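Comments concern the structure below.
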């Protein structure tokens, strides 16, 4: 048997209105937070790419394209590379960054404590897109062999790319002019 409970209709109407206003307020708040997040210039991500180079060969005057964030630009990132080096801890290889085809050699910093001069050295560099300046827009990362000899990678040769923030706008920057890859020799 179903019992009917008598609730005055005015009380029911007030309860419905209070619930509706409360729900609308919560919905509006959530939508605003989402909209504000979507309207932000950057998006926080954590993308990490480890490229194992052991057994690979990089021909003379050639490159390996390692990472492409297009249509986004890399706002904040980091690259660490364990590469063959000479007795002065210098590598003949270049880590290229930029927006293809406009790639330039990065200023790699030696991690002395983790390097073995004459065999393998670890280098690292922070990556950050700017609308002006030397770096400009960065969407691509590549490893270049600018020498006239091929490079054969031994055990533990790696490149680790970490991207922490991306932002839209790479395609607009690309349409601003023709660019070419920096083909430096060293």
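Numbering (our numbering), first residue to last: 6 to 191.
Heads up, the beta-carbon is just placed ideally off N, CA and C, and yes, glycines get one too.
Predicted, not measured: the structure shown is a model, and the values here were computed from it.
Between residue 88 and residue 101, the C-beta gap is not smaller than 9 Å, which leaves the two residues out of contact.
In its chain, beyond the 5 residues on either side, 46, 47, 48, 77, 78, 80 and 134 have a beta carbon closer than 8 Å to the beta carbon of residue 172. Here residue 155 has 62, 64 and 65 as same chain residues with Cβ atoms under 6 Å from its own Cβ, once five neighbours each way along the sequence are excluded. Following the DSSP letters along the chain, one finds residue 74 in no beta strand (DSSP E), marked with neither H nor E. Under DSSP, residue 52 forms a beta bridge with 168. About 5 Å separates the CB atoms of residue 167 and residue 83; that is less than 8 Å, so the two are in contact. The closest CA to that of residue 96, considering only 103, 161 and 150, is found on 150.
Annotation for residue 170: 47, 49, 80 and 81 place their beta carbon closer than 6 Å to its own, counting only its chain and skipping 5 residues before and after. Of the candidates 174, 113, 163 and 129, 163 places its Cα closest to the Cα of residue 60.
According to the DSSP assignment, residue 103 belongs to the beta strand (DSSP E) that extends over 99 to 104. Taking a 10 Å sphere around the C-beta of residue 104, we find 16 or more other C-beta atoms and assign the residue as buried.
By the CB criterion at 9 Å, residue 91 and residue 123 fall inside the cutoff. For the set 67, 148 and 106, the Cα lying nearest the Cα of residue 113 is the one of 148.
By the beta-carbon neighbour count (other beta carbons within 10 angstroms, threshold 16), residue 145 is buried. With fewer than 16 neighbouring CB atoms inside 10 Å of its own CB, residue 119 falls in the exposed class. For the 9 Å CB-CB criterion, residue 128 and residue 175 do not form a contact.
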